[in-house]
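Asker:
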Amino acid sequence: MKKEGTVTGLQLGAVTFVFIFSTTIAFLISPLAGAASFDGGLCIVLASICGTGIATLSLRFALRQPSNFLGEYGGTLINKYLHKGIMFVMSFFFLHLASYILREFTDFFIPTYLRETPPAAVAVLVMATVASLTQSGVSTVFRFAQGCFLFIGVLFVFKPLFFLTAMNTPMWLEFTRIHDWKALWAQTYAIIPWYGELIMFSYIVPELSPKQKTRKIIWIASMAGTYILLVEFLLIMFFFGPKLAATLIYPALELTGFLHLGDFLRNTDALIVSVWFTGYFIKLSIIFTIGTLLFSQALSLSNYKPITFSLAAIVVILSLIIAKNPVELAEYFNSSWATFALFVESLFFIYPIVSWVKSRRTRSN
């Protein structure tokens, strides 16, 4: 008899909450402000509903076998070679995503805080820590997220209170109407995969405690994370305006420069970046862990731990060669990543479709 999953509802909610806004708050707002302007807020809301809906719909099928990994029994639902192919594609997707997130971090952190430090050194240090956490198991990553959840949540929930004066503006009226339907659709389409990444939970169902309403928890946590992202977007638009926000590389970081706690703490950059890095680290860890697990299942390995550091090294190399500079990296992901990500995320639905077709044939016979 297999052991029940140990990931609690609070841990699942903590990971989902942090996962939603940890990287988007730093790297998404500037291009969104430039492309969608005041319509960006609506793009975030629509994408959150669509992306979270995709993830929870996949969970509805995966939860039918709560004690089995889809990567292990998927070959009984569809052709085993097709199943292995899907597992390899999914594992590549998450490992590639981990390398992208790692590259975003090095491009941001090194020029700002670690000048003249080789990017490879920073990438190796970060991924060595991530790989060590992954070695401890999936449930350990969730427990780590639960421990950091309170600090991250409190900071970003109360941060808007320091900018109440900036929110007293007639600019609110601009958010009540749609300015460009084409931009609204394009940016909503681009953001949906960020939420669709939550489909990863469907591949680790046995790790989740069965005594919880998993899909409801993900919906609540996703909307809570969306609230943080939406408020941050609104603050940046109020404070800088769409044109200036679009020219700033990291507008969220620029916004913290205007935040201080009286005479006690005049510069909160270090504090906020430290807390943000914790959320970033959680997202990178869970994505890498899922990618490693799926890769081991594609190879029919009983344990993913022996290949953890090898895959971490591959992620480091990918992060260094994925683009020559931040501009090239942004252009690649703005032009083609959304379609690629949605395609890969939708591969999961081959399993329920084939299962449904087989059940229909069985009934007819």
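What the sequence shown shows, in my numbering, is residues -2 to 362, in sequence order. All residues carry an ideal CB built from backbone N, CA and C; glycine is no exception. Source: prediction; values computed, not measured.
1) Rounded to whole angstroms, what is the Cα-Cα separation between ALA249 and ALA267?
2) What is the DSSP secondary structure of LEU111, reduced to helix, strand or coil?
3) From THR253 to ALA180, what distance separates their C-alpha atoms?
4) Which of helix, strand or coil does DSSP assign to LEU245?
5) Looking only at its own chain, which residues have a Cβ that is under 8 Å from the Cβ of ILE175, when we skip the five neighbours before and after it?
6) What is the rounded straight-line gap between the Cα of GLU229 and the Cα of VAL15?
7) Let me know if GLU204 comes out buried or exposed under the rule of 16 or more other beta-carbons within 10 Å of its beta-carbon.
8) For the alpha helix (DSSP H) holding SER352, just list the boundary residues, first then last.
9) Out of LEU315, ALA11, PHE90, VAL151, point me to the one whose CA is closest to ARG140's CA.
10) Looking at C-alpha atoms only, which residue of PHE330, THR5, GLU251 is the closest neighbour of VAL138?
11) What did DSSP end up calling CYS47 once you bin it into helix, strand or coil?
12) In chain order, what residues of the same chain have a beta carbon less than 6 Å from the beta carbon of PHE261, not counting five sequence neighbours either side?
13) Under three-state DSSP, which class holds LEU268?
14) Once DSSP output is grouped into helix, strand and coil, what is the label at LEU74?
15) Use the C-beta contact count for VAL123: other C-beta atoms within 10 angstroms, 16 or more gives buried, fewer gives exposed.
16) When DSSP builds the beta bridges, which residues end up paired with VAL42?
17) Between the segment 327 to 337 and the segment 184 to 202, do at least 3 Cβ pairs fall closer than 8 Å?
18) With a threshold of 6 Å on Cβ separation, who are the neighbours of GLU251 within its own chain once the five nearest residues in sequence on each side are excluded?
19) From GLY193, THR103, GLU342, pick the residue whose C-alpha is nearest to that of ILE83; which is it?
20) As a quick exercise: from PHE91, TRP169, ALA125, LEU152, pick the residue whose alpha carbon is nearest that of PHE235.
21) Just the Cα atoms here: how many angstroms apart are TYR329 and SER45?
22) Any idea what DSSP makes of LEU205, helix, strand or coil?
23) Does the Cβ of GLU382 have 16 or more other Cβ atoms within 10 Å, making it buried, or fewer, making it exposed?
Answerer: The structure says:
1) 13 Å
2) Reduced to three states, the DSSP call for LEU111 is coil.
3) 28 Å
4) Three-state DSSP puts LEU245 in coil, outside helix and strand.
5) ASP36, LEU39, LEU181
6) 14 Å
7) buried
8) Run containing SER352: 347 to 361, per the alpha helix (DSSP H) assignment.
9) ALA11
10) THR5
11) helix
12) Caution applies to PHE261, whose pLDDT of 45 falls short of 50 and renders its modelled position unreliable; the value that the coordinates give is listed next. No residues qualify anywhere along the chain.
13) The answer is helix: DSSP assigns LEU268 an H, G or I state.
14) Of the three classes helix, strand and coil, the one that applies to LEU74 here is coil, per DSSP.
15) Classification for VAL123: buried.
16) Beta-bridge pairing links VAL42 to no other residue.
17) Touching, yes.
18) LEU245
19) GLU342
20) Measuring from the Cα of PHE235, the nearest candidate turns out to be TRP169.
21) 23 Å
22) strand
23) Since the first residue of the chain shown is -2 and the last is 362, residue 382 is not available in this structure.
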